Amino acid sequence: MAKIEFGRYQGEASVHTRAARLFGEALGAHAAFNLHPNITETPGAKAADLLGLVEAGDLTMCYFASSYLAARVPEVGVFDVPFLIGSRDAAYAALDGDLGALLKDRFAANTGFRVLAFWDNGFRHFSNNARPLRAPADCQGLSIRSMNSELHQSAFRALGFAPQFIDVADYPAAVASGQVDAQENPLTNSFQFDVHKHHPYFTLSGHLFGVSLLLCNKAAFDGWPDDVRAAVDAAAALATKAQRGFAVAEDADMMERLAAEGIQPLSLSDAERAAFEDAVQPVLDGARANLGDDIFGALG
10 MAKIEFGRYQ
20 GEASVHTRAA
30 RLFGEALGAH
40 AAFNLHPNIT
50 ETPGAKAADL
60 LGLVEAGDLT
70 MCYFASSYLA
80 ARVPEVGVFD
90 VPFLIGSRDA
100 AYAALDGDLG
110 ALLKDRFAAN
120 TGFRVLAFWD
130 NGFRHFSNNA
140 RPLRAPADCQ
150 GLSIRSMNSE
160 LHQSAFRALG
170 FAPQFIDVAD
180 YPAAVASGQV
190 DAQENPLTNS
200 FQFDVHKHHP
210 YFTLSGHLFG
220 VSLLLCNKAA
230 FDGWPDDVRA
240 AVDAAAALAT
250 KAQRGFAVAE
260 DADMMERLAA
270 EGIQPLSLSD
280 AERAAFEDAV
290 QPVLDGARAN
300 LGDDIFGALG
């Protein structure tokens with residue numbers, strides 16, 4: 010029987026881990042499924058270690074933010090371009106259509122991964138410990154935790170932030186200690202990592218739409234018999250539909266939970282949002298030049 014060792018870097022309540030469990034249940038008798046503990050709770054381990062473990066075959070699968078692989082598959086960097094994606098529906102249509110097919114082909118050609126599905130990693134919003142952020146001028150001089158993405162960091166610098174790459178394993182401590190003044194994440198991540206206990210100011214910037222990749226070791230997938238591959242694909246489709254539903258519901262729930270903690274996230278007016286968009290326009294223009302109009306056009 011095929012065995013699937015599934016790695017993760019989020020807790021039990023996360024929309025990703027809940028979907029991973031559904032994936033395992035949907036496999037039924039087609040494969041033995043083992044969901045590993047959260048790797049960031051292992052002393053000395055980093056979330057990004059999962060990528061090497063899956064690609065080497067030490068683990069079979071994991072979920073992971075697409076930004077971490079943009080250096081190897083540049084086309085996936087389109088999701089690291091700020092203020093480009095305006096709605097979940099537009100993102101889903103692109104990911105389930107031609108853009109998703111292109112990205113799957115690029116990953117198969119350039120990495121040891123097979124991308125089984127694209128999960129919803131949420132619209133990302135700013136929070137900080139200093140002041141409300143209504144304009145790029147309010148970002149000036151604030152240090153901000155960033156993922157390991159040059160596009161993210163370029164955008165944050167354009168807004169006036171001083172970005173620092175900090176792995177997920179170290180990020181909660183960096184926020185709690187004040188090592189960084191600001192961070193940006195989907196509301197669910199910010200809440201799960203207790204950011205609201207240290208950052209009184211949240212801005213619903215929606216500056217990025219995060220994509221998580223459901224990754225499988227390519228050699229393992231290719232080596233399974235047809236019935237197992239079909240079962241894995243079917244389970245991935247089921248888990249993806251559920252995961253996206255979890256993500257939408259979680260956003261609404263997080264607003265209520267933040268309010269219960271005394272935090273009222275700030276909504277930007279159209280004019281305020283336009284000022285942020287104008288500040289990062291050179292970053293968008295550079296990304297379009299590097300990635301090509303076809304990739305941008307595939308987003309609709």
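When the letters of the sequence shown are read in order and numbered with this note's numbering, they come out as residues 10 to 309.
The beta carbon of each residue, even a glycine, is placed where N, CA and C say it ideally should be.
Note that the structure is predicted; figures quoted are calculated from it, not measured.
Q | Bridge partner(s) assigned by DSSP for L304 | A | Note on residue identity: the sequence assigns Ile, not Leu, to residue 304. For I304, which the question treats as bridged, DSSP gives no partner whatsoever.
Q: Thinking L104 and F127 are a contact (beta carbons under 8 Å), I'd like their distance in whole angstroms, please.
A: 4 Å
Q) Nearest-angstrom Cα distance between D231 and G187? A) 46 Å
Q. Tell me the DSSP bridge mates of R133?
A. L217
Q.
I need the straight-line Cα distance from N43 to L111, nearest angstrom please.
A. 30 Å
Q: Round the Cβ separation of V24 and E259 to the nearest angstrom and send it over; I've been treating them as touching at under 8 Å.
A: 6 Å
Q) For T120, which residues of its own chain have a beta-carbon under 8 Å away from its beta-carbon, when the five flanking residues on both sides are left out? A) E64, L78, R81, V82, K227
Q) Sorted by chain position, which residues of the same chain lie with C-beta nearer than 7 Å to F73's C-beta, five sequence neighbours on each side aside? A) L59, L60, S221, L222, L224
Q: Express the C-alpha separation of G131 and Q192 in angstroms, rounding to a whole number.
A: 15 Å
Q: Please report how far the alpha carbon of S76 lies from the alpha carbon of A268, in whole angstroms.
A: 30 Å
Q: Report yes or no: do three or more beta-carbon pairs, one from the segment 169-186 and one from the segment 246-254, lie closer than 8 Å?
A: no
Q) What is the residue span of the beta strand (DSSP E) that S397 lies within? A) Any property of residue 397 remains undetermined from this structure, which presents the chain solely from 10 to 309.
Q.
Spatial neighbours of Q201 within its chain, please: C-beta separation below 8 Å, excluding the five flanking residues on both sides.
A. Q19, G20, A22, S23
Q: Could you tell me whether the segment 82-100 touches the segment 296-303, where touching means 3 or more Cβ pairs closer than 8 Å?
A: yes
Q) So, helix, strand or coil for S276, using DSSP? A) strand
Q) What beta strand (DSSP E) runs, 3 residues minimum, are completely inside the segment 66-130? A) 70-74
Q.
Only counting the same chain, and skipping five residues up and downstream in sequence, which positions put a Cβ closer than 7 Å to that of N137?
A. L151, D190, A191, H208, Y210
Q. Is the beta carbon of A239 less than 8 Å from the beta carbon of F32?
A. no
Q. Expressed to the nearest angstrom, what Euclidean distance is found between the alpha-carbon atoms of V90 and I175?
A. 19 Å
Q. Are the beta-carbon atoms of I48 and A40 separated by less than 8 Å?
A. no
Q: Leaving aside the five residues before and after S214 along the sequence, list all residues of the same chain whose C-beta is less than 7 Å from its C-beta, in chain order.
A: H134, F135, L277, F285
Q: Quick one: grab the DSSP three-state call for L224.
A: strand
Q | Under 8 Å between C-beta atoms of M263 and L308 | A | no
(Q) If you reduce the DSSP assignment to three classes, tell me which class A298 lands in. (A) helix
Q | Local Cβ density within 10 Å of A288, reported as buried at 16 or more and exposed below that | A | buried
Q) At what residues does the alpha helix (DSSP H) containing F255 begin and finish? A) 235-269
Q | Extent of the continuous beta strand (DSSP E) to which G16 belongs | A | 11-17
Q: Tell me where the beta strand (DSSP E) around N43 begins and ends.
A: 40-47
Q. By how many angstroms is the C-alpha of H205 removed from the C-alpha of L68?
A. 33 Å
Q: Just the C-alpha distance for A100 and L108, rounded to the nearest angstrom, thanks.
A: 10 Å
Q.
When you measure from the CB of F174 to every non-hydrogen atom of the ligand FMN, does any distance come out below 7 Å?
A. The model on display carries no ligand, and the ligand FMN is accordingly not part of it.
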